[in-house]
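Read in order, the letters of the sequence shown are residues 52 to 221 in my numbering.
All C-beta atoms in this analysis are idealised placements derived from N, C-alpha and C, irrespective of residue type, glycine included.
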Amino acid sequence: MEDNDIREQEPNSRAATQAADPDALQKQRDEFYDLLLRKTAEFDNYRKRVERERQSASESAAASLITELLPLLDDLERALKADTGGEAADAYRRGVELIHRQLMDVLRKRGVRQIEALGVDFDPHQHQAVSYDAAPGHRDGEVVEEYRRGYMLGDQLLRPSMVKVAKGEA
52 MEDNDIREQE PNSRAATQAA DPDALQKQRD EFYDLLLRKT AEFDNYRKRV ERERQSASES
112 AAASLITELL PLLDDLERAL KADTGGEAAD AYRRGVELIH RQLMDVLRKR GVRQIEALGV
172 DFDPHQHQAV SYDAAPGHRD GEVVEEYRRG YMLGDQLLRP SMVKVAKGEA
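Here is the structure:
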């Protein structure tokens, strides 16, 4: 018991020194304030650096995709300049189909996939219904026509499919 009483009566030597020396307390406060300012500046610099790196990565990804699309743009410009009269119309169509395949290959390589719409049940998470009409021979809620194709990038919806949905006969 006596040991406990002695410990309770012993003042903390650092607290006693600080209480006795206000200059030491002021110096310690200034050190902590300086440390706070430095850490705040370091964090601000870190935040700015991460933002610059994120922006750079985003621009690099966009530049890479655009570089892959430029040859397709060149092909489309040549197709628009081509003579489409007579027998040239068939060659024109084949050329545009080739450009379409190339574009789909670029998008597929980047992880873009088409949303299957025809014949499936309407899904508001992937389809945008623009008409809802009776369609004999189709079940209620079935997609019977696709006006504009939808696309996904992984699990992210890029654009919903614009569709016509069958309405059950009442």
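Can you give me the start and stop residues for the beta strand (DSSP E) that residue i sits inside?
| i | result |
| --- | --- |
| V214 | S212 to K218 |
| Q165 | V163 to Q165 |
So the alpha helix (DSSP H) residue i belongs to, where does it begin and stop?
| i | result |
| --- | --- |
| L204 | Taken as a continuous stretch (DSSP letters only), L204 belongs to no alpha helix (DSSP H), being part of the beta strand (DSSP E) at Y202 to L204. |
| T135 | From DSSP, T135 is part of no alpha helix (DSSP H); its letter is neither H nor E. |
So, residue i versus residue j, is the Cβ gap smaller than 8 Å?
| i | j | result |
| --- | --- | --- |
| R164 | M203 | yes |
| A217 | R190 | yes |
| D172 | G201 | no |
| V157 | L120 | yes |
| V214 | A186 | no |
| S212 | R199 | yes |
| A139 | A133 | yes |
Return the bridge partner residues of residue i from the DSSP annotation.
| i | result |
| --- | --- |
| A185 | K218 |
| E196 | K215 |
| H178 | S212 |
Exposed or buried, which one is residue i when buried takes at least 16 other CB atoms within 10 Å?
| i | result |
| --- | --- |
| P175 | exposed |
| S109 | exposed |
| I117 | exposed |
| G219 | exposed |
| V101 | exposed |
Point to revise | Sufficient close CB pairs (3 or more, under 8 Å) joining the stretch 174-189 to the stretch 134-150 | key: no
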